[in-house]
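Everything on this sheet refers to the single structure shown next.
In my numbering, the protein residues as written are 2 to 560.
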């Protein structure tokens with residue numbers, strides 16, 4: 002293989018090559034090889050791409066520009082083409098890596114054209130550097146990956162808030178290629194680190210500093226975002242924050258909680274960056290800051306609700322104690338009187354009234370406790386909750402059909418109680434009344450305005466409950482109760498074929514104390530309303546397709 006000395010000057014363009022392919026001033030790299038894979042010509046633009054002077058390549062094998070792992074496959078394919086004329090690649094656009102004179106690989110795209118001459122075949126290649134395109138593609142892929150990972154972390158309910166916060170810090174450090182990540186809480190005078198990753202001794206959890214000596218003082222000013230790629234070049238060298246922490250690069254966003262400043266989310270390094278922070282990197286920090294601020298706000302609200310629930314529970318317990326004491330004393334005296342005056346109707350009536358009052362106290366306390374806000378919703382399979390609730394409702398003569406099983410998020414015990422009360426309403430009134438006796442259903446009511454046939458279509462049933470392949474059925478001979486998901490995915494319904502709820506009563510039937518029964522407490526459907534409200538749900542009462550009642554529980558988080 003021939004070798005060229007730089008002193009011989011630039012190689013001459015082979016006279017047998019078409020002139021238009023050999024413009025020395027072409028903006029793209031050009032190289033020519035012969036049938037032995039020997040380089041016959043390169044232009045100056047190829048020098049810009051791969052670093053070799055033309056004289057250093059002419060006479061060399063093309064394998065000098067090919068990574069060692071690809072050399073044998075190139076030679077085999079080229080020899081096969083010379084023998085058979087069959088191409089194994091699209092010569093109009095071949096994507097591969099070329100070896101730079103400095104030793105690293107450069108992604109390029111090559112277009113090859115065969116140029117027959119009188120005594121030999123030559124092959125001309127147009128070489129285009131696609132390093133920037135490849136970098137942008139890699140950056141785009143990394144951006145998509147990091148945003149997806151941020152979403153996965155933020156939505157992982159199996160992790161505690163502290164674990165998710167730590168994972169976001171670790172993700173940011175990895176994505177930004179910065180060793181330090183930290184979260185601060187800021188007062189008017191002081192910055193406190195509340196969580197951190199990295200080994201910077203001043204950026205550890207619990208460390209404090211005056212706000213005027215922190216990078217974060219500038220972060221919280223203006224639009225609440227700061228990016229410093231090179232602290233010295235950007236005028237930080239005399240700043241008290243630089244003197245204290247020595248950070249050569251920094252990026253941070255403000256954490257807003259309840260409309261006010263909480264602190265900052267920051268990433269940093271002792272070393273300056275070789276390039277400015279990209280728009281994608283800024284977007285990541287901004288999104289992570291918004292998520293963290295939202296989570297802190299939610300935690301504050303949950304703690305406040307938990308404190309309110311605790312106070313309500315303590316009040317209910319004390320009220321129960323204070324109410325039961327005089328009732329217990331009265332009951333004791335009446336029982337003694339009954340022993341002396343056996344069969345006295347007044348005494349028996351008084352004891353029944355006390356028992357009824359005791360039951361009302363239980364219902365009132367339950368009503369208060371079930372209405373406390375749900376602070377830790379969990380996944381709940383509606384079909385399983387319905388099975389438990391139906392067993393508690395305890396009506397063997399009725400039929401309950403689960404049209405489809407959906408998963409919702411909430412408090413399992415309270416969801417079971419909500420369903421139990423709805424089932425009891427349908428069973429108690431649907432199995433003992435004709436549809437003309439609709440007044441009896443108002444205490445335990447139900448809701449719907451869609452035809453029941455429509456419900457079956459929505460949830461995969463094409464016939465009666467016994468004909469539905471996907472329905473879970475608890476059978477009897479009385480009223481039929483159906484449970485399923487709403488077609489728009491916003492919640493679920495309970496419908497029956499009982500007497501229904503008069504349209505004029507549908508606005509009031511869900512309120513506490515509403516009853517048309519002398520024995521009813523008026524809490525049955527009010528508890529349903531309270532449980533729904535505790536989850537942030539709403540309850541609608543409409544008519545079912547069978548003329549009965551239908552409850553629609555809406556604004557539910559359905560998995």
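From the three backbone atoms N, C-alpha and C, an ideal C-beta is built for every residue, glycine too.
*asked:* Please tell me whether residue 401 and residue 480 are closer than 7 Å, where the distance is taken between their beta carbons.
replied: no
- residue 498 versus residue 551 - alpha carbon distance: 9 Å
Review point. Under a Cβ-count criterion, where at least 16 other Cβ atoms within 10 Å of its own Cβ denotes burial, should residue 502 be classed as buried or exposed?
Key: buried
**Item:** Cα-Cα separation between residue 442 and residue 305, rounded to whole angstroms
**Value:** Since pLDDT at residue 442 reaches only 37, below the 50 mark, its modelled position is unreliable, and no value is offered.
### Message
Here's the rule: buried if 16 or more other CB atoms are within 10 angstroms of the residue's CB, otherwise exposed. What is residue 419?
### Response
Looking at its Cβ environment, which holds 16 or more other Cβ atoms inside 10 Å, residue 419 is buried.
Please name the residue, chosen from 398, 409 and 390, that lies closest to residue 424 on a Cα-to-Cα basis. 390
Any C-beta of chain B sitting closer than 7 Å to the C-beta of residue 138? Structure shown: chain B not included; a single protein chain is present.
message = Suppose you measure from the CA of residue 133 to the CA of residue 288; what does that come to, to the nearest Å?
response = Their backbone Cα atoms lie some 27 Å apart in a straight line.
| CB-CB length for residue 301 against residue 258, believed under 8 Å | 7 Å
Check whether the segment 278-295 and the segment 212-224 touch, using three or more Cβ-Cβ pairs below 8 Å as the test. no
| task | Mind checking who residue 270 pairs with in its DSSP beta bridge? | result | DSSP, once it has assigned bridges, lists 250 as partnering residue 270.
Does the segment 175-192 come within contact of the segment 259-277, defined as at least 3 CB pairs closer than 8 Å? Because the criterion of three Cβ pairs below 8 Å is met, the segment 175-192 and the segment 259-277 touch.
Self-check item: Segment contact flag, the segment 46-53 with the segment 102-111, C-beta cutoff 8 Å, min 3 pairs
Solution: yes
Is the separation between the beta-carbon of residue 337 and that of residue 355 shorter than 7 Å? no
Rounded straight-line distance, which links the Cα of residue 182 to that of residue 376
C-alpha separation (whole angstroms): 30 Å.
Pick from 303, 227 and 46 that is closest to residue 282, judged by C-alpha positions: 227
**Request:** Could you tell me whether the Cβ atoms of residue 229 and residue 238 are closer together than 7 Å?
**Result:** no
_Assuming residue 533 is part of the beta strand (DSSP E), what are its boundary residues?_
Here residue 533 belongs to no beta strand (DSSP E); instead the alpha helix (DSSP H) covers 525-536.
Take the Cβ of residue 486 as the centre, count every other Cβ of all protein chains shown within 10 Å, and call the residue buried at 16 or more, exposed below.
buried
**Message:** Quick check on residue 55: does DSSP put it in helix, strand or coil?
**Reply:** Here residue 55 sits in helix by DSSP.
What first and last residue would you give for the alpha helix (DSSP H) that runs through residue 129?
Premise fails: residue 129 lies in the beta strand (DSSP E), 122-130, not in any alpha helix (DSSP H).
Does DSSP classify residue 379 as helix, strand or coil?
Residue 379: strand per DSSP, three-state reduction.
Nonlocal neighbours in the same chain, by C-beta distance under 8 Å from residue 422, ignoring five residues either side: 445, 525, 526, 528 and 529
Review point. Shortest alpha-carbon distance to residue 535 belongs to which of 128, 413 and 507?
Key: In terms of CA proximity to residue 535, 413 leads the group 128, 413 and 507.
Could you have a look at residue 286 and say whether DSSP puts it in helix, strand or coil? helix
* To do: Provide the residue span of the alpha helix (DSSP H) that contains residue 173, from first to last.
  => 162-177
Bridge partners for residue 255 per DSSP, in chain order? 265
Where DSSP assigns a beta bridge to residue 483, which residues make up the other side?
402 and 496
Beta-carbon proximity of residue 495 to residue 484, cut-off 7 Å = yes
Exercise. Nearest-angstrom Cα distance between residue 129 and residue 284?
Worked result: 32 Å
Margin query: Relative to the C-alpha of residue 82, which candidate in 124, 30 and 64 has its C-alpha closest?
Written below: The option with the nearest alpha carbon to residue 82 is 124.
Out of 330, 201 and 316, which one is the CA nearest neighbour of residue 272?
201
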